[in-house]
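Following this note's numbering, the numbering of the sequence shown begins with 117 at its first residue and continues without gaps. Written out below as structure tokens is the structure these notes cover.
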Amino acid sequence: MMDPRINELASRLIRYSLNLQKGEKVLIENIGMQVPIVKALVREAFAVGALPLVTVKDQEIMRAMILETSEEHMELMAKHELSRMQDVDAYIAVRAFDNINEWSDIPEEKMGIYSRVFYKQVHFGERIPNKRWVVLRYPNRAMAQAANMSLEGFEDFYFSVCNLDYAKMSAAMDPLRELMLKTDRVHIKGPKTDLRFSINGINAVKCDGARNIPDGEVYTAPVIDSVEGTIFYNAATNYHSNTFTDIQLTFEKGKIVEATSSNTKVLNEILDTDEGARYIGEFAIGFNPHILHPMGDILFDEKIAGSFHFTPGNAYTIADNGNRSSIHWDLVQIQRPEYGGGEIWFDDVLIRKDGIFVLPELQGLNPENLV
117 MMDPRINELA
127 SRLIRYSLNL
137 QKGEKVLIEN
147 IGMQVPIVKA
157 LVREAFAVGA
167 LPLVTVKDQE
177 IMRAMILETS
187 EEHMELMAKH
197 ELSRMQDVDA
207 YIAVRAFDNI
217 NEWSDIPEEK
227 MGIYSRVFYK
237 QVHFGERIPN
247 KRWVVLRYPN
257 RAMAQAANMS
267 LEGFEDFYFS
277 VCNLDYAKMS
287 AAMDPLRELM
297 LKTDRVHIKG
307 PKTDLRFSIN
317 GINAVKCDGA
327 RNIPDGEVYT
337 APVIDSVEGT
347 IFYNAATNYH
357 SNTFTDIQLT
367 FEKGKIVEAT
377 SSNTKVLNEI
387 LDTDEGARYI
397 GEFAIGFNPH
407 ILHPMGDILF
417 DEKIAGSFHF
427 TPGNAYTIAD
437 NGNRSSIHWD
447 LVQIQRPEYG
457 GGEIWFDDVL
467 IRKDGIFVLP
477 ELQGLNPENL
487 V
């Protein structure tokens, strides 16, 4: 018997996140073989009169392709997948990785080709700016293990997060978005962190279940050359199947001039992928009340209650500071007291302390008001 929570999630994705209409084409891309949710998405797409297309990919097969790739081969892959992406109206990615480290032994040179050619053309160049899209993980044993939970317990957590009342959250986001649009100077303080930058003139965007599931952030971008100071990220992160802890970045005139971590060599190799990788493309404040601790999956970790992320690499065109890169690496600092606390100031006014919004107009985003 189908878990009714799967049907509820599929309905939210098709009808709310994508607002799919009769006659529109939607590409459903599944990395892994997550049959129940893909079947539910196909049925729901047909139910609204849309035309679903399905692609299934495998992490191990993708690894074999990238290990032996070349510029010519990746251009060919990008050509075919770009054509398909251009031909649809919407895109859903359902990703369930059995091993988050499956790509950890792919040389950075090969990963650079994949990022610089394929991902930049298909996703940064077409999908993100031109399509309605939503990306989600799907619960499996590997995710439950990463979260230190049983599979059943993780599934309960997953559906409570993903089937949150995002319309209610969306309304509570409006004052924060309006404040970000009026703000010039941002100052972030915390352990090993003293960071200043401007967001003047950059759009602010609500993430309320229309792009990522789970969701719960408002993002903008810093003026590209305005970032000064140092930041320490207290959430572990996984990029290109490499796990990093204790990342610390120092900025001068917007550029990362020093970067250290548990794997400083690979960290700097990633930041040297291209010129834009050493500049910041996104600043976002996270507040999903159900997500409290990092689990090594950025779709969850960047929404942690009381967190923010400050992202080296490509800026989104909808909140654009002009930075272009094949890298977009969301790095997270959690500011709740058990993680060391911290403060966010807008134009010399304290807006959040130790993960709790203090301005009356923003308190609707505090956990007790979103659950």
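Every residue gets a Cβ at the ideal spot worked out from N, C-alpha and C, and that includes glycine. Keep in mind that this is a model prediction, so the values were computed, not measured.
(request) For the alpha helix (DSSP H) holding Pro168, just list the boundary residues, first then last. (result) Here Pro168 belongs to no alpha helix (DSSP H); instead the beta strand (DSSP E) covers 167-173.
(request) Could you say which of Trp445, Thr361, Ile363, Arg468 lies nearest to Thr389 if we only look at CA atoms? (result) Sorting Trp445, Thr361, Ile363, Arg468 by C-alpha distance to the C-alpha of Thr389 places Trp445 at the top.
(request) Please specify which runs of the alpha helix (DSSP H), each continuous and at least 4 residues long, are wholly inside the stretch 348-398, giving them in chain order. (result) Within the stretch 348-398, the complete alpha helix (DSSP H) segments at least 4 residues long are 380-387, listed from N- to C-terminus.
(request) Measure the alpha-carbon distance for Val233 versus Ala194 and round it to whole angstroms. (result) Each residue's Cα considered, the two are about 7 angstroms apart.
(message) Phe273 and Met285 - do their beta-carbons sit closer together than 8 angstroms?
(response) No; because the gap between Cβ atoms is not below 8 angstroms, this pair is not in contact.
(request) Identify the continuous alpha helix (DSSP H) that holds Glu268 and give its terminal residues. (result) Segment 267-278, the alpha helix (DSSP H) holding Glu268.
(request) For Thr309, name the three-state secondary structure that DSSP assigns. (result) Strand at Thr309.
(request) Tell me whether the beta-carbon of Tyr254 lies closer than 8 angstroms to the beta-carbon of Ala212. (result) Ala212 is positioned such that its CB atom lies closer than 8 angstroms to that of Tyr254.
(message) Given this structure, state the Cα-to-Cα distance separating Val277 from His406, to the nearest angstrom.
(response) Rounded to the nearest angstrom, the two C-alpha atoms are 6 angstroms apart.
(message) Our contact map puts Asn490 next to Arg128 with C-beta atoms below 8 angstroms; I'd like the distance itself, whole angstroms only.
(response) Absent from the structure is residue 490, since the part of the chain shown begins at 117 and ends at 487.
(message) Can you find the residues in the same chain that come closer than 6 angstroms, C-beta to C-beta, to Val151, ignoring five residues on each side of it along the sequence?
(response) Setting aside the 5 residues that flank it on each side, Val151 has no residue in the same chain whose C-beta is closer than 6 angstroms to its C-beta.
(request) Have a look at Asn123 and Phe275 and give me their C-alpha separation to the nearest angstrom. (result) Rounded to the nearest angstrom, the two C-alpha atoms are 11 angstroms apart.
(request) Give the DSSP-derived three-state secondary structure of Leu402 in the structure shown. (result) The residue asked about is misnamed: residue 402 is Gly in this sequence, not Leu. Reduced to three states, the DSSP call for Gly402 is strand.
(message) Does Asn123 come out as helix, strand or coil in the three-state DSSP assignment?
(response) Asn123: helix per DSSP, three-state reduction.
(request) Using a threshold of 8 angstroms, state whether the C-beta atoms of Val210 and Pro168 are closer than that. (result) In this structure, Val210 lies away from Pro168, with their beta-carbon atoms at least 8 angstroms apart.
(request) Helix, strand or coil for Pro428, going by three-state DSSP, please let me know. (result) Assigned with DSSP and collapsed to three states, Pro428 falls in strand.
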